[in-house]
Amino acid sequence: MRSWSTSLASFCTLSFGFLFVYLKFTSVKEEAHLHHLPKEIACPGSILNESNNSQTYVTGDGRVGGIFFMETSDKTSPTLQMMCAVESAARANPHTKITIMMNGLMGSNQSLPQNLGLSLLSCFSNVEFVSLDFKKLFSDTPLGTWYSKVERHWELVDYTTLSDATRLAALWKWGGIYLDTDFIILKNLGNFTNAMGVQSLYIINGAFLTFQPQHKFIELCMNDFVDAYNYWLYGHQGPQLLTRVYKRWCGIHRLRDKKSCRGVNILPKESFYPVDWHDWKKFFELIEPKEIKMLLRNSYGVHLWNKKSQGKHMEPGSLLEHLQLEYCPATNNLRKMYF
């Protein structure tokens with residue numbers, strides 16, 4: 001009879017195999033559609049060239065901080081949602097360098113693949129694309145030993161968990177702002193530092209994070225990531241990790257007890273999560289402009305809850321259409337033309 005550990009390993013491998021086939025099949029469908037899109041477009045006139053005004057934040061090893069987006073899969077064709085996220089961030093933060101780290105890019109000396117998304121986003125002078133080298137990124141951080149183990153056992157990690165790890169390592173090394181690719185940014189983010197946002201009374205969400213380089217809080221998060229690693233619990237390495245580390249950081253049992261302590265700030269829900277995850281359908285419902293103004297009066301960004309909302313058809317006059325028209329108009333125009 002096989003041992004329990006052997007059975008578990010077989011189950012893990014089989015489960016990962018099914019997941020791989022599913023992701024591969026989905027990727028093939030997406031690539032089939034992307035094949036028919038133009039690979040290059042002329043930059044829209046609404047995108048101003050401000051190459052001389054972009055501010056960069058260079059650390060000792062030469063890496064640039066600012067705003068980070070991560071693509072941990074091997075895809076190099078940005079989705080419409082990612083295009084909108086980057087465009088909105090670039091427009092709202094024209095003097096901040098925006099770095100898109102992509103696992104699918106081969107190296108810094110390689111030319112970018114030709115596709116619609118990269119062509120549009122390259123129009124913004126403050127946007128750059130770099131290769132996401134996991135081993136190099138995790139080196140010299142507490143996540144290095146963890147990655148060396150999961151690299152040999154891919155059944156114990158997925159893209160979401162890799163994303164949770166990469167944002168911590170990037171912020172630790174270079175500082176700046178991390179954003180998920182399912183955001184629409186409404187306002188300039190330059191006034192935030194060492195901050196996170198709550199999605200409810202009980203949990204912190206890591207879709208928006210901003211910290212100075214080598215901040216002790218991020219170091220503790222990386223240590224907890226490794227010491228309490230549990231791939232099987234959804235969110236354990238993400239929102240739950242940030243929440244439990246913050247509680248220990250402040251010596252509290254409830255998030256509501258302290259919104260700021262020891263230099264780390266917790267922003268109110270409306271700052272980045274004005275629509276609850278369980279109300280995600282609100283993005284696709286008709287809404288009056290005055291309602292939008294009231295809903296977003298204290299918001300700097302809007303998280304779209306991609307796991308719930310992806311693939312949903314957007315109706316004219318919906319909240320999402322209003323947001324795209326105002327904050328990522330170039331992406332919205334391409335959506336109307338080609339999708």
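Sequence positions in the sequence shown follow my numbering and run 1 to 339. Every residue, glycine too, gets a C-beta built ideally from N, C-alpha and C.
Of the choices L220, L112, T99, whose alpha-carbon is the least far from that of A85?
The residue given as residue 85 occupies position 85 in the sequence shown. Closest option to A85, Cα to Cα, is T99.
Based on the DSSP secondary-structure assignment, which residues constitute the bridge partners of F69?
Numbered from its first residue, the sequence shown carries residue 69 at position 69. Answer is I100, bridged to F69.
Enumerate in chain order the residues of its own chain whose CB-to-CB distance from S88 is below 6 Å, with the five nearest sequence positions on each side excluded.
Here residue 88 corresponds to residue number 88 of the sequence shown, with the count starting at 1. So the list reads I184, I185, Y327, C328, once near-sequence residues are dropped.
As a quick exercise: from G175, T181, Y231, pick the residue whose alpha carbon is nearest that of V157.
Here residue 157 refers to the residue found at position 157 of the sequence shown. Ranked by Cα distance from V157, the options G175, T181, Y231 are led by Y231.
Since G301 is in the beta strand (DSSP E), which residue starts that stretch and which ends it?
One-based indexing of the sequence shown puts residue 301 at position 301. Segment 301 to 303, the beta strand (DSSP E) holding G301.
Excluding the 5 residues flanking T193 on each side, which residues of the same chain have their C-beta closer than 7 Å to its C-beta?
Taking the first residue of the sequence shown as position 1, residue 193 is located at position 193. Cβ neighbours of T193 beyond the five flanking positions: T210, Q212.
Tell me, which residues are paired with I266 by DSSP?
Position 266 of the sequence shown, counting from 1, holds the residue named residue 266. In the DSSP output, where bridge partners are listed per residue, I266 has M196.
If you follow the alpha helix (DSSP H) that S131 is part of, which residue opens it and which one closes it?
Here residue 131 refers to the residue found at position 131 when the sequence shown is read from its first residue. It is not in any alpha helix (DSSP H) - S131 instead sits in the beta strand (DSSP E) that spans 127 to 131.
Expressed to the nearest angstrom, what Euclidean distance is found between the alpha-carbon atoms of F129 and M102?
For this step, residue 129 is matched to residue 129 along the sequence shown. For this step, residue 102 is matched to residue 102 along the sequence shown. Near 7 Å, if we compare the C-alpha coordinates of M102 and F129.
Mapping DSSP to helix, strand and coil, what is I292?
Your numbering for residue 292 matches position 292 in the sequence shown. I292 falls in the helix class under three-state DSSP.
Out of Y273, K281, Y147, point me to the one whose CA is closest to G311's CA.
Looking up residue 311 in the sequence shown gives position 311. Among Y273, K281, Y147, the Cα nearest to that of G311 belongs to K281.
Hey, how far is the Cα of K336 from the Cα of A195?
Start at 1 with the first residue of the sequence shown, and residue 336 comes out as number 336. Start at 1 with the first residue of the sequence shown, and residue 195 comes out as number 195. For K336 and A195, the distance between alpha carbons rounds to 36 Å.
With 16 as the cutoff for other CB atoms within 10 Å, does Y178 come out buried or exposed?
Counted from its first residue, the sequence shown places residue 178 at position 178. Buried, because 16 or more other Cβ atoms sit within 10 Å of the Cβ of Y178.
Between T72 and Y147, what straight-line distance do the alpha-carbon atoms span, to the nearest angstrom?
In the sequence shown, the residue the question calls residue 72 occupies position 72. In the sequence shown, the residue the question calls residue 147 occupies position 147. Their backbone Cα atoms lie some 14 Å apart in a straight line.
Determine the direct distance from the alpha carbon of T145 to that of A330, and round the result to whole angstroms.
By 1-based counting over the sequence shown, the position of residue 330 is 330. By 1-based counting over the sequence shown, the position of residue 145 is 145. Spanning the two alpha carbons is a distance of roughly 42 Å.
Could I get the ranges of all uninterrupted beta strand (DSSP E) runs contained in the segment 204 to 269, with 3 residues as the minimum, in chain order?
204 to 211, 264 to 267
Have a look at S77, S46, G45 and flag the residue whose alpha-carbon is nearest the alpha-carbon of P38.
As a first step, residue 38 must be located in the sequence shown, where it is residue number 38. When the alpha-carbon of P38 is set against those of S77, S46, G45, the nearest one is in S77.
Using only the alpha-carbon positions, how far apart do D74 and M82 sit?
Taking the first residue of the sequence shown as position 1, residue 74 is located at position 74. Taking the first residue of the sequence shown as position 1, residue 82 is located at position 82. Here the alpha carbons of M82 and D74 stand approximately 15 Å from one another.
Please classify S318: does DSSP put it in a helix, a strand, or coil?
Along the sequence shown, one-based indexing puts residue 318 at 318. If DSSP states are grouped into helix, strand and coil, S318 belongs with the strands.
Can the beta-carbon of D224 be found closer than 8 Å to that of A207?
For the purposes of this step, residue 224 is taken as residue 224 along the sequence shown, with counting starting at 1. For the purposes of this step, residue 207 is taken as residue 207 along the sequence shown, with counting starting at 1. Not in contact: D224 and A207 (Cβ atoms no closer than 8 Å).
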